[in-house]
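Chains as they are written, first to last, in numbering that gives the first Met the number 0: chain A, 0 to 568; chain B, 0 to 160.
Cβ atoms here follow ideal geometry from the backbone N, Cα and C, with glycine treated the same way.
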Amino acid sequence: MQATQVQPVLTRVSFPALDMLRSERNLVGVHIASALIALTVGIFMGPFQSFHRAPAFVNTFLGQIPVFSYYYQAVTVHGVMLALFFTTLFIVGFSYYVVQRSLQRQIKGIQLAWVAYALMLIGLAMLVFTLANDVQRSAVLYTFYPPMIAPAIFYIGLVLLVVGSWIAAFLVFWTYNAWRKEHPGERVPLAVFAIIVNYLMWFISSLGVAIEVLFMLLPASLGWIQTTDPQMARVLFWFFGHPLVYFWLIPAYVSWYTMLPKQAGGRLFSDPLARMAFIMLLLFSIPVGVHHLYADPGVSQVAKFVHAFLTFTVTVPSFMTAFNIGASLEIASRNNGGRGFWGFIFKQRWNDPVVASQLVGMLLFLAGGVTGLMQASAQINITVHNTSWVPGHFHTTLGGAVTMTFFGILYWLLPLLRGRALFSKKVALGQAFTWLVGMVIFGFTMGEAGLNGAPRRADLANSPYMTPEAGLWLNGAAIGGIILFVSVVLLFINLIGTLFFSTKPVEGEAPIQTKVEVASPAIFERWRLWIAIVVVLCVIAWGPVFVEALDFTNGFTAIPYTTSGAPLR
Amino acid sequence: MHIDRYERYWLMAVVATLGAFFAALVATLVVFGVSLPSPAGRVNPQNLAASEFAEPSVRNIGGNRYEAHIVAKMWQFDAGPEAGSPPTIRVPAGSEVTFYVTSKDILHGFQIQFHTVNMEVVPGQVSQATVKFGRPGVYEIVCNQYCGAGHAVMYGQVIVQ
Ligand code: HEM
Ligand SMILES: [Cu+2]
Numbered sequence: 000m001q002a003t004q005v006q007p008v009l010t011r012v013s014f015p016a017l018d019m020l021r022s023e024r025n026l027v028g029v030h031i032a033s034a035l036i037a038l039t040v041g042i043f044m045g046p047f048q049s050f051h052r053a054p055a056f057v058n059t060f061l062g063q064i065p066v067f068s069y070y071y072q073a074v075t076v077h078g079v080m081l082a083l084f085f086t087t088l089f090i091v092g093f094s095y096y097v098v099q100r101s102l103q104r105q106i107k108g109i110q111l112a113w114v115a116y117a118l119m120l121i122g123l124a125m126l127v128f129t130l131a132n133d134v135q136r137s138a139v140l141y142t143f144y145p146p147m148i149a150p151a152i153f154y155i156g157l158v159l160l161v162v163g164s165w166i167a168a169f170l171v172f173w174t175y176n177a178w179r180k181e182h183p184g185e186r187v188p189l190a191v192f193a194i195i196v197n198y199l200m201w202f203i204s205s206l207g208v209a210i211e212v213l214f215m216l217l218p219a220s221l222g223w224i225q226t227t228d229p230q231m232a233r234v235l236f237w238f239f240g241h242p243l244v245y246f247w248l249i250p251a252y253v254s255w256y257t258m259l260p261k262q263a264g265g266r267l268f269s270d271p272l273a274r275m276a277f278i279m280l281l282l283f284s285i286p287v288g289v290h291h292l293y294a295d296p297g298v299s300q301v302a303k304f305v306h307a308f309l310t311f312t313v314t315v316p317s318f319m320t321a322f323n324i325g326a327s328l329e330i331a332s333r334n335n336g337g338r339g340f341w342g343f344i345f346k347q348r349w350n351d352p353v354v355a356s357q358l359v360g361m362l363l364f365l366a367g368g369v370t371g372l373m374q375a376s377a378q379i380n381i382t383v384h385n386t387s388w389v390p391g392h393f394h395t396t397l398g399g400a401v402t403m404t405f406f407g408i409l410y411w412l413l414p415l416l417r418g419r420a421l422f423s424k425k426v427a428l429g430q431a432f433t434w435l436v437g438m439v440i441f442g443f444t445m446g447e448a449g450l451n452g453a454p455r456r457a458d459l460a461n462s463p464y465m466t467p468e469a470g471l472w473l474n475g476a477a478i479g480g481i482i483l484f485v486s487v488v489l490l491f492i493n494l495i496g497t498l499f500f501s502t503k504p505v506e507g508e509a510p511i512q513t514k515v516e517v518a519s520p521a522i523f524e525r526w527r528l529w530i531a532i533v534v535v536l537c538v539i540a541w542g543p544v545f546v547e548a549l550d551f552t553n554g555f556t557a558i559p560y561t562t563s564g565a566p567l568r
Numbered sequence: 000m001h002i003d004r005y006e007r008y009w010l011m012a013v014v015a016t017l018g019a020f021f022a023a024l025v026a027t028l029v030v031f032g033v034s035l036p037s038p039a040g041r042v043n044p045q046n047l048a049a050s051e052f053a054e055p056s057v058r059n060i061g062g063n064r065y066e067a068h069i070v071a072k073m074w075q076f077d078a079g080p081e082a083g084s085p086p087t088i089r090v091p092a093g094s095e096v097t098f099y100v101t102s103k104d105i106l107h108g109f110q111i112q113f114h115t116v117n118m119e120v121v122p123g124q125v126s127q128a129t130v131k132f133g134r135p136g137v138y139e140i141v142c143n144q145y146c147g148a149g150h151a152v153m154y155g156q157v158i159v160q
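See the structure below:
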């Protein structure tokens, strides 16, 4: 191992089967632990939201659904904690682990990594504080569209989270550069390759939301400026918003491409095609964001159709992934004794929670991919935009593929970090399959409710416009919510059990790839080239949208308002 | 770079399917004239009195064609005194109504259930959509963009007679 020769001073943690640096264990551990805190705060809201929206439940309990009283506070907590903090903290921690283990060296500038962590933790604390403390004014949802303005601390906390993730990204680039210098001509392991792609995409796209927050929302919240431009804010937000979903998804792909084949008992079908898929995600995930703005008045049809076209393009790497992972799973099942044409589907290690969780994520992703492709078509989008269909869709992607893959990762990573075996495999399997059933029901019923006219983000049960059909479907969604609640409880039994009650030593080893067996074209690592293409594509696809959104007639004229209905000042 | 034969077939099938989807998308635009909301003008939300939204209303502009100017605000749609509050817009079956909607305060949404009207309503911008009401019935107008505490009760109705 070359890296240990270069840096001989690093101490290794001496748990059995745990090959990890102490410094690394601590760093990764705090990120995962903090991600779990965010998960705990956010996830219990989910089922109770679904109860709150179900007429049958609300009428049975006379509106006394426990856990929260103000619906929009709950939705804000749920969205902010899960979509922003749980994901980002988990991804940063997981990325540190993958980069350090794959390159077999400590992250560069580890002190900075701790600074970044501190920033993100303070950000988390600020958000929890303001969401609990300033209930009405903080309830701006995780998309925080102006002119609804939250307390400044809300934005400051989010800025700290993003700045922390930028530092983490920079440290990964730095570590990669150092490795590159020592390994001329070699290919970087696929997992690290994907994480570099992810952080590049994240950094470029988050500039949009950074401008929105730093130049519009935060100054308005502090009272430095009196007005804001809501259409421009939406454009800036969605410059960032679509890459955000790939920022969540790529780490799951890392697990599917570089870990699952081994965990499932096979090997990856094609490494070069995996790299090509990741490069396509880098290029095409930013110039598609207008598909979130199909219903916006301030964006022209031409831009909408250009982005619709590119949206179809960005599904290609996901189809490539479907093939590549499918083929890898087939190899695994043939190794496990699978026979016949369909044999590969069933002959998987369904009894291993690490594998089963990820397979559940993939099954849900099939539904998510189909519904996603449907709503990418502009006309269909007009019938489902801002209806319950949309959360129905993204609970199978973010709440399905991403979340279940992250749980699958937790089921091996947490034992490694803790140095104890997973508390219970059976409970973990129970968790995975209840999640599958719950999400299928939830996603389907939410979709149907949306088609029957139920909007999203609304405390619906007693809405005057609720149709009986939508009401029935929302009752169904609440049944999905009950099953998911059980699943969450099973998850926590295992998390707490593994951390505090497990006594068995950890077994198995981490599914990390340190060498690249098959050479892939060197051009995939010409990062400057790819960044240049991303910039050009962004200018072409987003430039006109920005120019059009600029309001020369009014300037930034809309007044900031709070959620309570009174003007801020 | 080696690409497996089956993977090549798969990719060709994917590209063909996506191409067909996109062609369908363009066809609906060009052939059937389906349109998405797009820039229809700007107004100053603090001075709607000086704009086409000074007096929200639903007007017949000849034959079976109508024009509705609606102002969204926390937490109601204002379609003029005749329509009332929450507004009830009555039109005969077969009418074609063009909606012009803007917001006085924050973001709202404007969706008519079971019809292809679904727009973000943004202060400073005019959202426009034209729709034909074929079948008689009561169709709810829903605010489907989060706008604060009263969001879930912000609505109106179109009654097609
Ligand atoms: C325990 C299972 C879960 C249930 C029952 C659940 C339920 C819900 C419901 C009912 C909504 C809709 C709120 C509305 O539109 O009014 C919602 C929104 C949302 N959920 Fe979940 N959820 C769960 C897990 C998750 C997970 C694991 C994630 C992400 C990691 C997640 C992310 C989101 C996001 C981002 C929103 C959108 C919030 C917004 O519109 O502002 N959910 N959830
Ligand atoms: Cu509204």
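Per-residue burial, residue i [other beta carbons within 10 Å of its own, 16 or more giving buried]
i: T627 (chain A); result: In the structure as shown, chain A begins at 0 and stops at 568. Residue 627 (chain A) is therefore absent and cannot be evaluated.
i: L412 (chain A); result: buried
i: N493 (chain A); result: buried
i: M0 (chain A); result: A caution first: M0 (chain A) carries a pLDDT of 35, below 50, which makes its placement in the model unreliable, though a value can still be read off. Looking at its Cβ environment, which holds fewer than 16 other Cβ atoms inside 10 Å, M0 (chain A) is exposed.
i: L20 (chain A); result: buried
i: E516 (chain A); result: exposed
i: L397 (chain A); result: buried
i: S332 (chain A); result: buried
i: V534 (chain A); result: exposed
i: K72 (chain B); result: buried
Integer-rounded CB distance, given that residue j should sit under 8 angstroms from residue i
i: G475 (chain A); j: T444 (chain A); result: 4 angstroms
i: F318 (chain A); j: V13 (chain B); result: 4 angstroms
i: G41 (chain A); j: V74 (chain A); result: G41 (chain A) to V74 (chain A), Cβ: 10 angstroms. No contact.
i: F89 (chain A); j: V66 (chain A); result: Contact doesn't hold; Cβ gap of about 24 angstroms is too wide.
i: V116 (chain B); j: V130 (chain B); result: 5 angstroms
i: V594 (chain A); j: L415 (chain A); result: The structure shown does not extend to residue 594 (chain A), since chain A is modelled only from 0 to 568, so the question has no answer here.
i: A276 (chain A); j: P316 (chain A); result: 4 angstroms
Residue i and residue j closer than 8 angstroms at C-beta
i: G297 (chain A); j: Q230 (chain A); result: yes
i: S220 (chain A); j: A151 (chain A); result: yes
i: V91 (chain A); j: A167 (chain A); result: yes
i: W255 (chain A); j: I194 (chain A); result: no
i: A92 (chain B); j: G155 (chain B); result: no
i: V161 (chain A); j: S205 (chain A); result: yes
i: E119 (chain B); j: D295 (chain A); result: yes
i: A263 (chain A); j: Q347 (chain A); result: yes
i: G163 (chain A); j: M119 (chain A); result: yes
Amino acids of chain A, ordered along the chain, whose beta-carbon sits closer than 7 angstroms to that of residue i
i: V152 (chain B); result: S462 and P463
Beta-carbon neighbours of residue i, restricted to chain B and to distances below 7 angstroms
i: Y293 (chain A); result: L35
i: R456 (chain A); result: Y145
i: L459 (chain A); result: A151
i: G452 (chain A); result: Q112, F113, E139 and V141
i: F318 (chain A); result: V13
Contacts of residue i in chain B (Cβ-Cβ under 9 angstroms)
i: E547 (chain A); result: P38
i: H306 (chain A); result: None at all; the shortest Cβ gap to chain B is about 11 angstroms.
Where residue i meets chain A, residues with beta-carbon distance less than 8 angstroms
i: D3 (chain B); result: F268, S269 and A326
i: L17 (chain B); result: F311, T312, T314 and V315
Closer than 9 angstroms at the beta carbon, the chain A residues around residue i
i: P135 (chain B); result: Ordered by position in chain A, no residue passes the 9 angstroms Cβ test against P135 (chain B), which lies about 17 angstroms from the chain.
i: T27 (chain B); result: S376, A377 and Q378
i: V159 (chain B); result: Residues of chain A passing the Cβ test: none, with the nearest at roughly 16 angstroms.
Interface residues of chain B facing residue i [CB-CB closer than 8 angstroms]
i: P296 (chain A); result: P36, S37, P38, A39, M118, E119, V120, V121, Q124, V125, S126 and Q127
i: K303 (chain A); result: L35 and S37
Of the residues that make up the segment 82 to 105 of chain B, which ones have a beta carbon closer than 9 angstroms to any beta carbon in chain A? P85, V100, T101, S102, D104 and I105
Note down, in chain order, all residues in the segment 213 to 244 of chain A with a beta-carbon under 8 angstroms from any beta-carbon belonging to chain B. D228, P229, Q230 and R233
Would you list, in chain order, the members of the segment 51 to 79 of chain B that have their beta-carbon closer than 7 angstroms to a beta-carbon of chain A? M73
Between the segment 368 to 389 of chain A and chain B, which residues of the former have a C-beta closer than 7 angstroms to a C-beta of the latter? S376, A377, Q378, I381, T382, H384, N385 and T386
In the segment 135 to 152 of chain A, which residues sit with their C-beta less than 9 angstroms from some C-beta in chain B, listed in chain order? Q135, A138, V139, L140, T142, Y144, P145, P146 and M147
Looking at chain B, which residues of the segment 64 to 81 of chain A have a Cβ within less than 9 angstroms of any of its Cβ atoms? Y69, Y70, Y71 and V74
Can you list, in chain order, the residues of the segment 94 to 121 of chain A whose Cβ is nearer than 8 angstroms to any Cβ on chain B? none
Given a limit of 7 angstroms on CB to CB distance, which residues of the segment 43 to 55 of chain A reach chain B? Residues: none.
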